[in-house]
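Per UniProt numbering, the sequence shown starts with residue 1, numbered consecutively.
Cβ coordinates follow ideal geometry from the N, Cα and C atoms, glycine included.
Below is one structure; the comments refer to it alone.
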Amino acid sequence: MSSKPTQLTCRFSPTPTYSFQYQEPFNDVFNFSGGDYFLNLAESSGAKVRCHNLVWATQVAPFVTEGPWTKASLTAVMENHIKTVITHYGERCYSWDVINEALLGNGSFSSSIWYDTIGPDYFHLAFQFAQEAVETIDADIKLYYNDYGIESPNDKVTALRGLVKDLQHRRIQIDGIGFESHFVAGSTPSTADQLAAMKTFTSMGLNVAQTELDVRIPQPPYYTKAAQAQQAKDYYSSVAACMQAGRKCIGTTVWDFDDKYSWVPGVFAPAGGADIFNDTLVAKPAYYAIAEALRGKPCTVCG
Numbered sequence: 001m002s003s004k005p006t007q008l009t010c011r012f013s014p015t016p017t018y019s020f021q022y023q024e025p026f027n028d029v030f031n032f033s034g035g036d037y038f039l040n041l042a043e044s045s046g047a048k049v050r051c052h053n054l055v056w057a058t059q060v061a062p063f064v065t066e067g068p069w070t071k072a073s074l075t076a077v078m079e080n081h082i083k084t085v086i087t088h089y090g091e092r093c094y095s096w097d098v099i100n101e102a103l104l105g106n107g108s109f110s111s112s113i114w115y116d117t118i119g120p121d122y123f124h125l126a127f128q129f130a131q132e133a134v135e136t137i138d139a140d141i142k143l144y145y146n147d148y149g150i151e152s153p154n155d156k157v158t159a160l161r162g163l164v165k166d167l168q169h170r171r172i173q174i175d176g177i178g179f180e181s182h183f184v185a186g187s188t189p190s191t192a193d194q195l196a197a198m199k200t201f202t203s204m205g206l207n208v209a210q211t212e213l214d215v216r217i218p219q220p221p222y223y224t225k226a227a228q229a230q231q232a233k234d235y236y237s238s239v240a241a242c243m244q245a246g247r248k249c250i251g252t253t254v255w256d257f258d259d260k261y262s263w264v265p266g267v268f269a270p271a272g273g274a275d276i277f278n279d280t281l282v283a284k285p286a287y288y289a290i291a292e293a294l295r296g297k298p299c300t301v302c303g
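Now the structure itself:
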């Protein structure tokens, strides 16, 4: 097999380019230069961009965290941010992660400036403001919720299902769920479990996507035959779940291309080697495992 793939992607998800602190560094002062630059780059290669994200506990501007705020005043800031950003980029962003990582593992809301000040209403209000922006500019933009730890049936999935049901009851737009899919080699949920979690939401009429897929090796050495085979198996089982979900799983985005620039060592050391290319951009078995999963073929590199 060649280690030089001819085509890698048709979809980008830049981070943290579109996060709050970069888009609106000061109250009602916006800076779209980084976002415009990346969209120009993506469009020049014919790639779509899923933009990430509008509301999150982290990567917010200092003026947001410093406050002080009332529920009404912070809600107004959130509304202005969401509507201004969506309106500026329009359909150049084919989708937005409206809210990122709002829930704890037990399904309760995590602490954030948004939740602590506005309360649980911030969840439906963020999607409501996003919907209003999309409708105002008459655009076809998909609105997603994105999170980790929802890749197999659990309390967090159950709670998220309830939040989606509430949005649908309110007739507020939500089009899909982003499954971050940050996994550990040897501990990745099975294809069946990942598919079951996806079906929780596809059965509600939503799309799903694997938005940040990587599989980290718990500790060095990262490039042994056994470690690479296990990693390939876990990538394969994950992408296979998306394929088995059919058209409702709209795609898989890997989180970083190569190990040299991976975020994993900075957060999960001594874990590493999480991506599908090594630090010299040579394709690993995981790359070929993904290709075989996409073709519906048995994995020949999974050991």
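Taking the alpha carbon of residue i as the point to measure from, which residue in the options has its own alpha carbon closest?
i       : options                               : result
Tyr-144 : Ser-33, Cys-242 and Thr-211           : Thr-211
His-81  : Met-204, Pro-25, Asp-259 and Val-254  : Pro-25
Asn-278 : Thr-252, Asp-214, Gly-303 and Ser-237 : Asp-214
Ile-86  : Asp-138, Ala-269, Gly-273 and Ile-150 : Asp-138
Ser-237 : Tyr-261, Val-184 and Ser-262          : Val-184
Ala-122 : Lys-142, Asn-106 and Asn-100          : For clarity, residue 122 is Tyr in the given sequence; the question names Ala instead. The shortest C-alpha separation from Tyr-122 is found at Asn-100.
Tyr-235 : Trp-263, Ile-118, Gly-303 and Ile-172 : Gly-303
Gly-205 : Ile-174, Ser-187 and Ala-227          : Ile-174
Val-254 : Val-239, Ala-126 and Asp-166          : Val-239
His-182 : Ser-152, Pro-220 and Asp-116          : Ser-152
Leu-160 : Asp-193, Thr-188, Gly-186 and His-124 : His-124
Ala-227 : Thr-252, Thr-200 and Ser-187          : Ser-187
Arg-171 : Ala-196, Glu-132, Pro-189 and Asn-154 : Glu-132
Gln-59  : Ala-229, Gln-23 and Gln-168           : Gln-23
Trp-114 : Gly-162, Val-157, Trp-56 and Asp-166  : Trp-56
Thr-65  : Gly-105, Ser-33 and Ser-112           : Ser-112
Lys-83  : Ser-190, Ala-130, Ala-42 and Ser-44   : Ala-130
Ala-245 : Gly-176, Lys-199 and Gly-162          : Lys-199
Name the two residues that bound the continuous beta strand (DSSP E) containing residue i.
i       : result
Tyr-144 : 142-147
Phe-109 : Segment: none, Phe-109 is in no beta strand (DSSP E) and carries neither H nor E.
Cys-302 : It is not in any beta strand (DSSP E) - Cys-302 carries neither H nor E in the DSSP assignment.
Phe-183 : 182-184
Ser-95  : 95-100
Gly-178 : 176-179
Arg-50  : 48-55
By DSSP, does residue i sit in helix, in strand, or in coil?
i           : result
Phe-30      : coil
Ala-42      : helix
Ile-150     : coil
Met-1       : Summary for Met-1: the model assigns pLDDT 35, below 50, so the residue's position carries little reliability; its value from the coordinates is reported in the next sentence. The answer is coil: DSSP assigns Met-1 none of H, G, I, E or B.
Leu-167     : helix
Arg-209     : It is worth fixing the name first, because residue 209 is Ala in this sequence and not Arg. Ala-209 falls in the strand class under three-state DSSP.
Gln-7       : Low confidence applies here, because Gln-7 scores a pLDDT of 46, under 50, leaving its location unreliable and the question unanswered by this model.
residue 304 : Nothing in the structure corresponds to residue 304, since the chain is present only between 1 and 303.
Leu-104     : coil
Gly-246     : helix
Ile-290     : helix
Asp-36      : helix
Arg-295     : helix
By Cβ distance, which residues of its chain are closer than 6 Å to residue i, with the 5 residues on each side in sequence left out?
i       : result
Val-301 : Ala-232, Pro-285, Tyr-288 and Ala-289
Gly-273 : Ile-217, Tyr-222 and Asp-259
Tyr-94  : Lys-48
Gly-35  : Thr-17 and Tyr-18
Ile-250 : Asn-207 and Ala-209
Please list the terminal residues of the continuous alpha helix (DSSP H) segment that includes residue i.
i       : result
Ala-196 : 191-202
Asp-121 : 121-136
Thr-75  : 71-89
Thr-17  : Here Thr-17 belongs to no alpha helix (DSSP H), and DSSP marks it neither H nor E.
Thr-65  : 62-66
Phe-277 : Element bounds for Phe-277: n/a, residue is neither H nor E.
Pro-265 : 264-268
For residue i, which residues from the same chain have a beta carbon less than 7 Å from its beta carbon, with the 5 sequence-adjacent residues on both sides left out?
i       : result
Glu-180 : Asn-146, Asp-147, Tyr-148, Thr-211 and Glu-212
Asp-140 : Glu-91
Thr-15  : His-52
Phe-63  : Phe-26 and Asn-27
Gln-194 : Glu-151, Ser-152, Ser-238 and Ala-241
Gln-21  : Gln-59, Val-60 and Ala-61
Please list, in chain order, all residues of the same chain as residue i whose beta carbon is under 8 Å from its beta carbon, the five residues on each side excluded.
i       : result
Asp-97  : Arg-50, Cys-51, His-52, Asn-53, Leu-54, Tyr-144, Tyr-145, Asn-146, Gly-178 and Thr-211
Pro-120 : Phe-109
Ile-118 : Lys-71, Leu-74, Thr-75, Met-78 and Leu-125
Gly-266 : none
Quick check on the burial criterion: 16 or more other C-beta atoms within 10 angstroms. Buried or exposed for residue i?
i       : result
Val-29  : exposed
Ala-102 : buried
Thr-202 : buried
Val-134 : buried
Gln-219 : exposed
Pro-270 : exposed
Ala-192 : exposed
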